[in-house]
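Protein chains in written order, with UniProt numbering: chain A, 1 to 276; chain B, 1 to 276; chain C, 1 to 276; chain D, 1 to 276.
No residue lacks a Cβ here, since even glycine has one placed at the ideal position from N, Cα and C.
Only a predicted model underlies this, so the values are computations on that prediction, with no experimental measurement involved.
Contents: one structure, followed by commentary.
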C-alpha cells in the first residue's frame, strides 16, 4: 500500500506519524496536549448540551462547537489513517475503532436525531493521551491488574456462566410464583429483577408481594450476598500470588537453570554449586 | 435388571448409551450439538412466550414448539432410562432429576396453568452438554472453585446460621418498634426486611419511619456492610492456600534436608542427587 | 451460698445440673432435644401470631401456647438457677441473661402490649442446644472465625470510628445542600441517609434532588463502594495468616525452645543441634 | 516571626503550647478532656437544633449554646495561633484548617442562613483529642491501614480512573436509549444513575423502563458487582504482604546462610553464632 510515486509523500507521512504518535518531540507533546484539551472540552460540551435549561440558552453555541470538534477529529482521523504504517491494522485496532466511533455519531445524527450524545465515547481516547502525563508508573500498575485479571479469566468465566444459569432459573420461578399482576410481567423482566436483586442493587421498581415470592427473594439476596466472595477471592488470591517474593535471580554456572529457591547453595537440577 | 432374553437388546442399549453419553464418536458429538441447540431454542421459546405482546402474535407457534420440544425431551429421557447401565442410579442422579424436571412442567400445565414456564430449568441441562465444547480447562477451574467452597463449607455454615439468628432477632425488634402501621405487618415480613437490609439490597418497599426504627436499621446496615467480609475472607484465604506452591516431601540421602521444590533432581543444599 | 441443712438437696442439685448442662447421660440428651423442640415451636408460634389473618383464626390457641412455653421456660430458668454451682455467675453469664430475656417479655406484655414478640430472642438459646447435635467441628470453625475477628478487633474499631466521622460530616453537608424541602428534614435523618448510601443499601425513601446534592451522593457512594475493601482486607489477611503452615513442632534438647523453622538443623537461640 | 520585645511573651507562648499540645502535664490533660466534651456537646447541640420540633422548643437555648462554643473555639484558635512555633505552618496544616472550618460557618451564617450546620466538621477535631484516651495501639493500627492504602494508591487511582470512564460511557448510552421521558433527563443525571447502579446502591428514583435500557442496566450491575473485587483484592494483598513475617538480612559468618528468623542468635543450619 506504500505510495510509489514520490519520496516526498513518504517523508511527510513519517513526519506526521512522529508528531501524532510520538511524545518525544516538542511538536508531538504539543499535539497531545491540544488533543487532551479538545477531547475534554468536547465531552464537556456534549454533557452540558444534554441539560435542557442550558441547551435552551446556549444551544447554538453548542451546536457549532460540536461540529467544530467533529471536523477537527475527522481531520485528525484522516491524518492518522494517512500516516499509519499499516492502515488496515490501524483501522481495526482498539484505538482505530474508538477514533472512528468518536466522530461517527455526529454524522449519524443528521439521519437519526439524538445519537450525537454517543460521541462521549471519545472520552476513551484519553487513554491514549495519558502517556503524555508521565503516567508510566500508573500504566505499570494497570498492567499488573490486567495480568491478574487475565490469569483468573477462566475462573471468572465459569463464575459468570453459573450466575447466568442461576439468574435464569430464579427469574422463571419468581415469574411463575408472582405473576404479571405483581409487576413480574414476563420471564425476561423477572430475570432482570433477579439480576437487580442478586447484585444487591435493589431498585425497588419491581419487588415480590406474595410470601412465597419474598421467601424466594430472600434466597436470591443471600446467594448474591455470599457469592460476591467468589470473584473477590479469585482476584485477591491471584494478586497475592503475584506479589509473593520471587526466586533468587541466580543462574547455574553448569546447566544454566535460572531462578533458585532463596538460600539454595546447589542447583536443584544438576547439583552444581551455584556460588563458585 | 439386565434383560436376559436377547443379546440384541443389550447391544442396542450399549450403542445408544455410547451415542448419548459419549463424545468421541461422530454420532455422539452430533447428538450433543443437536441437544445443545434444542435446549437453547426451547428455553428461548418459553421466555418469548412469557412476553405478552409476543405471545398475542405468535402464541400458537409457541404452543406447538413447546410441545414439540417436550415430546423430544421425553423421548430422550426414555432412551436414557432404557440405555442406563443402572436405571435406579440414573433416575436419582443430579442430571436424572434435572432431565425429569425439564419435561414434567409441560405435562403438569395440563392440570395447573402457568406451570409450564418452569421448564426453563432445562437450562441446567446445558451443564452436561458443555463437555462437547472442549471446556475441559474451564471444568478444571470450576472444580478448583468447588473444592475451595467444600473445604470452607463448615465455616460458611456457621456464618449462615449466625446470619439467620441475627436476622430473626433484628426483624422481631423492628417489628415491635415500627409496627404494622409503618409497613412492618408481621414478624416474617420484618425478617424479610432485615434480609433486604442486611444484604444491602434495599428495595425500599418497606423502610423504617420512626427515629428508633431508623437507628436499628443503621445497625442492621452496618452489620451487613461489615459482615460481608466474613464469607469473602473465608473463601479467599482458602483459595490462596490452595494456590501456594507445595514442596515435595523428599529427604536428601546425603545431608537429610527435607522438602524440595517440585521437579528438583538434586538437593539445593549439598548438591547430592535426590533420587538414587 | 451452699445450702447447709441437708445433703439431699446438694445431691438433687447435682443431679439436675448433670441433666440440664450435661449431654452424656440419656436424660441429659432427652432434655436437650425436648428443649430444642420447645424453643423452635415457641418461636414459630410467636411468628405466626404476628401475622394478622392467622392470629384472627388461631389467636386463642397461640395465646395459651405462648403462656405454656413461658411457664415451661420459667420453670427451667428456676431449675438452672437452683442447680447452678455459682448462681451469681450464672445470672450474669451470656446464657443466663438470654434465659431471662426469653421469658421476661411475656410478663412485661401484661403491662405494655406488643412487647411479647420480643421473646423471639429465645432463638439465641439454640446456641446452647447446638452441642447436642454433634456440632463440635462446626464450633471449632466458629472459634477459628471468632479468633480472627478478635485479633483484628483494633483495626476494625479504627475503621468504624472513621466511618462514624465520615457519615456525620457527609450527612451534615447534604443537609445544608438539600434541606428539609427535599426530604432531608434534620441532621440525624441526613446521617441516616448517609449510612443508607454508604453501605450501598439505597432504600430510595430519601434521595438527593439538587445537582450539588447528587454530586455529593456520588462521592458517598464511591466511598462506600471502595471502603468495603477495608474490613474485607483486614479479616482476610488475618484468616490467611492463621492458616499459614506452622513452625516445626521440635523442642531444642539444650535450651528447650519449641517451634523451629521448617528445615532447621540447629536451634537458632542456643546453636545446639536439634536432631541428635 | 518571633516576637523580639520581651522574654515574658516567649515564656507565655511556650507554656500555652505545652498545655494545648502536650498531654503529659495535668493541665494539658484537663485541657484535652474539656475540649473533648466541648466538641461533643457542640456537635450534639447542632444536630438537635436541626430537628424542627426540638428547635421550636429549645431554639433560643441552642442559639446561645452555639455562640458560646463558637466564641470558645475562636479563643482556642487564637491561642493556638499565638503559641504555635511556626504560625504559617499551623494555619495550613490539616488540623489548622479543620480548626478554622470549625468556627467559620457560625460567622458566615450571619450572612448566609443555614450554613451554621456545617460546624459539625468540628467533629474531625476529635481525631486530635483521641490521643488523651491512651489510643496508642489503635493509632498504630490506623497507621498500618494507612500505609497499606498508600502503597496501593497507584493501583487504586488506575481503578478509579477506569470507573470514571466506564460510568461516563454507560451513562451516555443509557441517556440515548432511555431519554428524558423515562427520567434520564440529561447526561450528568444519567451518569449519576450509572454510579448509583454500579456501586449497587440502587435508590430506584431513576430506573430504566425500556427492554434495551434494562439490558444495559444489567451489564452495569454485573460490572459493579464483579468490579468490587478489584479494590478489595488490591488492599487485601497489600495487607497480607505487610503481615508476612520478615526474615532478618543476616549472613551466617560460618556457613554463609543468608536470611534468619527475627530474633535468631545462632544459624539454624550450622549452629554458628550469628552476631560475633
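Tell me residue i's beta-bridge partners as DSSP assigns them.
{"i": "residue 266 of chain B", "result": "B/273"}
{"i": "residue 218 of chain A", "result": "In DSSP, residue 218 of chain A forms no bridge with anything."}
Got a sec: is the Cβ-Cβ distance from residue i to anything in chain D below 7 Å?
{"i": "residue 16 of chain C", "result": "no"}
{"i": "residue 181 of chain C", "result": "no"}
{"i": "residue 175 of chain C", "result": "yes"}
{"i": "residue 114 of chain A", "result": "yes"}
{"i": "residue 226 of chain A", "result": "no"}
{"i": "residue 265 of chain C", "result": "yes"}
Measure from the C-beta of residue i to each C-beta in chain A and report whether the shortest distance is under 7 Å.
{"i": "residue 246 of chain D", "result": "At residue 246 of chain D, the pLDDT of 49 sits below 50, so the modelled position is not reliable; the number obtained from the coordinates is stated separately. No - not a single Cβ of chain A is within 7 Å of the one on residue 246 of chain D."}
{"i": "residue 204 of chain C", "result": "yes"}
{"i": "residue 96 of chain D", "result": "no"}
{"i": "residue 153 of chain D", "result": "no"}
{"i": "residue 207 of chain D", "result": "yes"}
{"i": "residue 235 of chain B", "result": "yes"}
{"i": "residue 165 of chain D", "result": "yes"}
{"i": "residue 172 of chain D", "result": "yes"}
{"i": "residue 216 of chain D", "result": "no"}
{"i": "residue 271 of chain B", "result": "yes"}
{"i": "residue 200 of chain D", "result": "yes"}
Can you grab the Cα-Cα spacing for the pair residue i / residue j, in whole Å?
{"i": "residue 174 of chain C", "j": "residue 184 of chain C", "result": "8 Å"}
{"i": "residue 240 of chain C", "j": "residue 238 of chain B", "result": "8 Å"}
{"i": "residue 146 of chain C", "j": "residue 156 of chain C", "result": "13 Å"}
{"i": "residue 38 of chain B", "j": "residue 29 of chain B", "result": "14 Å"}
{"i": "residue 106 of chain C", "j": "residue 72 of chain C", "result": "12 Å"}
{"i": "residue 204 of chain A", "j": "residue 196 of chain B", "result": "11 Å"}
{"i": "residue 206 of chain C", "j": "residue 100 of chain D", "result": "32 Å"}
{"i": "residue 88 of chain C", "j": "residue 200 of chain B", "result": "41 Å"}
{"i": "residue 194 of chain A", "j": "residue 25 of chain A", "result": "54 Å"}
{"i": "residue 8 of chain C", "j": "residue 14 of chain C", "result": "10 Å"}
{"i": "residue 104 of chain A", "j": "residue 42 of chain A", "result": "14 Å"}
{"i": "residue 33 of chain A", "j": "residue 60 of chain A", "result": "27 Å"}
{"i": "residue 152 of chain C", "j": "residue 54 of chain B", "result": "56 Å"}
{"i": "residue 138 of chain A", "j": "residue 158 of chain D", "result": "6 Å"}
{"i": "residue 65 of chain D", "j": "residue 10 of chain D", "result": "34 Å"}
{"i": "residue 44 of chain C", "j": "residue 230 of chain C", "result": "38 Å"}
{"i": "residue 198 of chain C", "j": "residue 167 of chain C", "result": "8 Å"}
{"i": "residue 140 of chain D", "j": "residue 148 of chain D", "result": "13 Å"}
Can you tell me the Cβ-Cβ gap for residue i and residue j, rounded? I've got them flagged as a contact below 8 Å.
{"i": "residue 92 of chain B", "j": "residue 267 of chain A", "result": "That pair is no contact at about 56 Å."}
{"i": "residue 119 of chain A", "j": "residue 46 of chain A", "result": "6 Å"}
{"i": "residue 154 of chain A", "j": "residue 192 of chain B", "result": "So it is not a contact: roughly 37 Å between Cβ atoms."}
{"i": "residue 36 of chain C", "j": "residue 98 of chain C", "result": "Wrong, their Cβ atoms sit about 15 Å apart, outside the cutoff."}
{"i": "residue 102 of chain A", "j": "residue 122 of chain A", "result": "3 Å"}
{"i": "residue 235 of chain B", "j": "residue 233 of chain A", "result": "4 Å"}
{"i": "residue 187 of chain B", "j": "residue 172 of chain B", "result": "5 Å"}
{"i": "residue 62 of chain A", "j": "residue 40 of chain A", "result": "Contact doesn't hold; Cβ gap of about 15 Å is too wide."}
Quick check: is the beta carbon of residue i nearer than 7 Å to any beta carbon in chain C?
{"i": "residue 213 of chain A", "result": "no"}
{"i": "residue 158 of chain B", "result": "yes"}
Establish whether the CB of residue i and some CB of chain B are separated by less than 7 Å.
{"i": "residue 187 of chain A", "result": "yes"}
{"i": "residue 195 of chain A", "result": "no"}
{"i": "residue 229 of chain C", "result": "no"}
{"i": "residue 219 of chain A", "result": "no"}
{"i": "residue 168 of chain A", "result": "yes"}
{"i": "residue 65 of chain C", "result": "no"}
May I ask whether a heavy atom of the ligand PLP can be found less than 6 Å away from the beta carbon of residue i?
{"i": "residue 91 of chain C", "result": "The ligand PLP is not part of the structure shown, which contains no ligands of any sort."}
message: Does the contact criterion of 3 or more C-beta pairs under 8 Å hold for the stretch 73-93 of chain B versus the stretch 220-234 of chain A?
response: no
field: Touch test, the stretch 176-183 of chain D against the stretch 202-216 of chain D, Cβ-Cβ under 8 Å, three pairs minimum
entry: yes
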